[in-house]
Amino acid sequence: MYKKIYLKPGKDAGIKRFHPWIFSGAIARTDKDVNEGELVEVVDHEGKVLGVGHFQFSTISVRLLTFKHEAIDCEFWTERLAQALEVRRSLGLMRNDNEAFRLVHGEGDGLPGLIIDVYRNTAVVQAHSVGMHRARHDIANALMQLMPQELENVYYKSDKTLPFMEEIDAESGYLFGGNADSVAKEYGLQFQIDWVKGQKTGFFIDQRENRRLLEQYAEGRKVLNMFCYTGGFSVYALRGGAKEVHSVDSSERAIEITNGNVELNFPGCSNHYAYAEDAFKFLSTMDGSYDLIVLDPPAFAKHRGAIHNALKGYTRLNAMAFEKIKPGGLLFTFSCSQAVSKDQFRLAVFTAAAQSKRFVRILHQLHQPADHPVSIYHPEGEYLKGLVLYVE
Ligand code: SAH
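All residue numbers for the sequence shown refer to the numbering used here, where the first residue is 21 and numbers rise by one.
And the structure:
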């Protein structure tokens, strides 16, 4: 059916445990002229087909889509996306007051290399592998077929997520529709979402449940939302009755979007201020009046080699917050670096706490929400971790 990738003897243990990646070191040989992004059959040293996936010239050479010997055709995409949709429906995330959710979370949904976020009637499709890039039209067609009532637009955004861009023409743009309204509700709050120019698919859906938790603690507090991006935590804090909310991000554009989202939900709001400033600079010069601080930095470690420096960064950042937070204050601190484990992150925060010599209690241990599921066979899919700390 497809060209073949032959594994070395003994290198089939991972695939037999349904791990979806084949590393280049496991491959004995390949059929001639296998192209980047092409569908391939993975075969053990005895010639048995173990699965079918997308081939790529990188350390992860094959991303498996199935552990059966089957065709990856329109029917396959429709079926796999239908399963993902069924999970989101059962989570109760598709409601009148909640229009933003992740429909496909890569390996967690059996679709390595593919992310799909839905914002009201627009699906934003992001390919992280060349194979998914090549399949984008089949994916978009399957989406429109599955969600005819819900979807009007499919926006493809992969200009920053694919390797070898010059060769594959990964231009972003609409595959369906185009006249999209870019405001979507999350738990009743409205957010302007810029999937065309914004970071990732335009919004960080993965913090939804953590923002809602913060809302419950916000009443009467002076809140600092550090690394605010679109102002998600700030808007929830305002709804939760915060006395005052300050949002900080180094990007001017993020500050504009944050101000826009505050205005959209609380027109004329007079207790929110946003600053375009570097986090470390802001933290070193701020006073000690905040009693709820959010630290949600970008991934400090984008790969394993960067872990050591990333941990130092997390320690330094958190130490600054511990030093300044008001007694009785709450710190919501996060790491979204996949390469940094939950334990490593906790150790970095522990070190920061110890440096500040304050007594710190862990109140909550946070993670990514249910629409960002982790395949039990692919623990690497767990990336977002957070702690809510009470600082005496
Ligand atoms: N908390 C946000 C997501 C944060 S994404 C939410 O809930 O949606 C990380 C943000 O950190 C980005 O907006 C980026 O512009 C900002 N950022 C990166 N480096 C920074 C720095 N040194 N100081 C302040 N902000 C920074």
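Cβ coordinates follow ideal geometry from the N, Cα and C atoms, glycine included.
message: I'd like the list of long-range same chain contacts for Y139, defined as Cβ closer than 6 angstroms, with 5 residues on each side in sequence excluded.
response: Closer than 6 angstroms at the Cβ level, and outside the excluded window around Y139, lie A120, A204, I213.
field: Cβ-heavy atom distance, Q212 to ligand 1, below 7 angstroms
entry: No.
query: Is the number of C-beta pairs between the region 102-114 and the region 73-92 that are closer than 8 angstroms three or more?
result: The region 102-114, when compared against the region 73-92, does not touch it at the 8 angstroms Cβ threshold.
- prompt: Would the beta-carbon of L244 fall within 8 angstroms of that of V145?
  reply: L244 places its beta carbon 8 angstroms or farther from that of V145.
message: According to DSSP, K405 sits in a beta bridge with which residue or residues?
response: Residue pairing by DSSP places K405 opposite S355, H387 in a beta bridge.
- prompt: Are L70 and V60 closer than 8 angstroms when you measure CB to CB?
  reply: Not a contact, by the Cβ cut-off of 8 angstroms.
task: Note down, in chain order, each residue of its chain lying with its Cβ closer than 7 angstroms to the Cβ of D201, except the 5 sequence neighbours on either side.
output: Excluding positions up to five away in sequence, the list reads R140.
query: Given A262, which residues of its chain have a CB within under 6 angstroms of its CB, disregarding the five upstream and five downstream residues?
result: Once the five neighbours on either side are set aside, the close Cβ partners of A262 are A238, R241, V243.
- prompt: If we ignore side chains and look at the alpha-carbon of each, how far apart do K28 and R49 end up?
  reply: Between K28 and R49, the C-alpha separation is close to 8 angstroms.
- prompt: So does the region 323-332 actually touch the region 296-307, counting three or more Cβ pairs closer than 8 angstroms?
  reply: Touching, no, given that fewer than three Cβ pairs across the two stretches are closer than 8 angstroms.
query: Do G406 and N281 have their C-beta atoms within less than 8 angstroms of each other?
result: Their beta carbons are not under 8 angstroms apart, which means G406 does not touch N281 by this criterion.
task: Identify, in the order they occur along the chain, each residue of the same chain with its Cβ nearer than 6 angstroms to the Cβ of D316, setting aside the five sequence neighbours on each side.
output: Excluding residues within five positions, the ones whose Cβ falls inside 6 angstroms are F247, F354.
query: Is W97 helix, strand or coil by DSSP?
result: Helix.
Assigned exposure category for E206 - 16 Cβ within 10 Å defines buried: Around the beta carbon of E206, 16 or more other beta carbons lie within 10 angstroms, which makes this residue buried.
message: I need the DSSP call for L111, collapsed to helix, strand or coil.
response: L111 falls in the coil class under three-state DSSP.
task: Starting from S81, trace the beta strand (DSSP E) both ways and give me its first and last residue.
output: Per DSSP, S81 belongs to the beta strand (DSSP E) from 80-86.
query: Is the distance from the Cβ of G197 to the Cβ of E170 below 8 angstroms?
result: Their beta carbons are not under 8 angstroms apart, which means G197 does not touch E170 by this criterion.
message: Rounding to the nearest angstrom, what Cα-Cα distance links A91 and I275 in this structure?
response: Rounded to whole angstroms, A91 to I275 spans 47 angstroms at the Cα level.
L312 - partner residues in DSSP beta bridges: Its beta-bridge partners are V243, L350.
query: Where R259 and I42 are concerned, what is the direct C-alpha to C-alpha distance, given to the nearest angstrom?
result: Each residue's Cα considered, the two are about 47 angstroms apart.
query: Do the CB positions of R109 and D391 come within less than 8 angstroms of each other?
result: No, they are not a contact pair.
- prompt: Buried or exposed: M21, going by 16 or more other Cβ atoms within 10 Å of its Cβ?
  reply: So M21 counts as exposed.
- prompt: Of the choices E283, V369, S309, V72, whose alpha-carbon is the least far from that of L131?
  reply: Nearest Cα to L131 within the set E283, V369, S309, V72: V72.
- prompt: Quick one: does the C-beta of V268 sit closer than 7 angstroms to a heavy atom of ligand 1?
  reply: Remark: the shortest separation between the CB of V268 and any heavy atom of ligand 1 falls under 7 angstroms.
query: Shortest alpha-carbon distance to A374 belongs to which of V360, M340, K23?
result: Comparing alpha carbon positions, the residue from V360, M340, K23 closest to A374 is M340.
message: Quick check on R324: does DSSP put it in helix, strand or coil?
response: Helix, per DSSP.
field: Backbone secondary structure at S178 - three-state DSSP
entry: Coil.
- prompt: Based on the DSSP output, what are the partners of W41 in its beta bridges?
  reply: BP columns for W41 point to R83.
- request: Please classify Y293: is it buried, with 16 or more other beta-carbons within 10 angstroms of its beta-carbon, or exposed?
  value: Classification of Y293: exposed, given that the 10 Å Cβ count is below 16.
task: Using DSSP bridges, identify the partner residues of K24.
output: Paired residue(s): E61.
- prompt: Mind checking P389: buried by the 16 CB within 10 Å criterion, or exposed?
  reply: Buried.
query: Going along the chain, which residues of its own chain have a beta-carbon closer than 6 angstroms to the beta-carbon of L284, five neighbours each way excluded?
result: Around L284: Q210.
- request: With a threshold of 7 angstroms, establish whether the CB of F249 neighbours any heavy atom of ligand 1.
  value: The amino acid occupying residue 249 in the given sequence is Tyr; Phe does not appear at that position. The closest heavy atom of ligand 1 lies less than 7 angstroms from the beta carbon of Y249.
- prompt: Just curious, the beta strand (DSSP E) that L209 is in, first and last residue?
  reply: Where L209 is concerned, the enclosing beta strand (DSSP E) stretches over 209-212.
field: S267 - containing beta strand (DSSP E), residue span
entry: Note, S267: beta strand (DSSP E), 264-269.
query: Which residues mark the beginning and the end of the beta strand (DSSP E) in which Y139 is found?
result: Taken as a continuous stretch (DSSP letters only), the beta strand (DSSP E) holding Y139 covers 134-139.
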